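Residue numbers (our numbering): 15 to 150.
What follows is the structure in structure tokens.
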């Protein structure tokens with residue numbers, strides 16, 4: 015069985031509140047949001063297609079990003095860390111935070127011990143952010 019690509023959390027919060035909660039949880043762990051892609055609006059504008067509320071947040075922890083890029087320049091294609099929030103049918107939200115361990119398997123980047131150490135740190139921070147969403 016394949017390893018999950020992301021940590022997944024279901025929240026009993028409406029979409030907008032979940033986006034705010036996720037942003038705050040990430041901030042607590044040192045991540046800022048560099049990019050916000052409103053998938054619903056983009057698909058409507060570009061394709062005239064309706065889609066559920068769905069956002070892709072590009073989260074970055076600058077010290078971790080600097081260390082990672084210094085250790086392995088190719089890692090830039092995996093930055094920033096992507097986090098998605100989408101509305102569910104039950105007026106709740108589904109959050110996914112990409113797992114750095116899984117993503118680094120691409121191209122064998124996980125073979126670099128320095129990169130693995132940074133990924134461990136990033137993974138722990140993302141897991142704490144995810145846990146805080148379910149405990150708040």
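Positions of the beta carbon are idealized from the N, C-alpha and C atoms, including for glycine.
None of these values were measured; they are calculated from a predicted model.
Can you check DSSP and say which residues form a bridge with residue i?
i, result
"residue 25", "107"
"residue 98", "70, 110"
"residue 20", "112"
"residue 132", "Its beta-bridge partners do not exist; DSSP assigns none."
"residue 50", "71"
Quick one: what's got a C-beta closer than 7 Å to residue i's C-beta in the same chain, skipping five residues either side?
i, result
"residue 67", "29, 54, 100, 101"
"residue 17", "116"
"residue 63", "57"
"residue 33", "69, 99"
Return the chain-ordered list of same chain residues with a C-beta closer than 8 Å to the C-beta of residue i, the five sequence neighbours on each side being excluded.
i, result
"residue 89", "82, 83, 118, 123, 129"
"residue 56", "none"
"residue 27", "35, 106, 107"
"residue 70", "49, 50, 51, 53, 96, 97, 98"
"residue 65", "53, 54, 57, 58"
"residue 85", "126, 128, 129, 132"
Give me the Cβ distance between residue i and residue j, rounded to the nearest whole Å; I'm assuming they're in contact under 8 Å.
i, j, result
"residue 73", "residue 45", "4 Å"
"residue 111", "residue 143", "7 Å"
"residue 145", "residue 43", "That belief does not hold up - the Cβ atoms of residue 145 and residue 43 are roughly 11 Å apart, past 8 Å."
"residue 136", "residue 61", "At roughly 33 Å, the Cβ-Cβ gap does not stay under 8 Å, so residue 136 and residue 61 are not in contact."
"residue 39", "residue 147", "5 Å"
Where does the unbroken alpha helix (DSSP H) through residue i begin, and where does it stop?
i, result
"residue 53", "53-61"
"residue 87", "No alpha helix (DSSP H) contains residue 87, which DSSP labels as neither H nor E."
Which residues in the same chain as residue i place their Cβ atom closer than 6 Å to its Cβ, once the five residues preceding and following it in sequence are excluded?
i, result
"residue 109", "23, 36, 99"
"residue 87", "none"
"residue 114", "133, 136, 137"
"residue 94", "48, 72, 73, 74"
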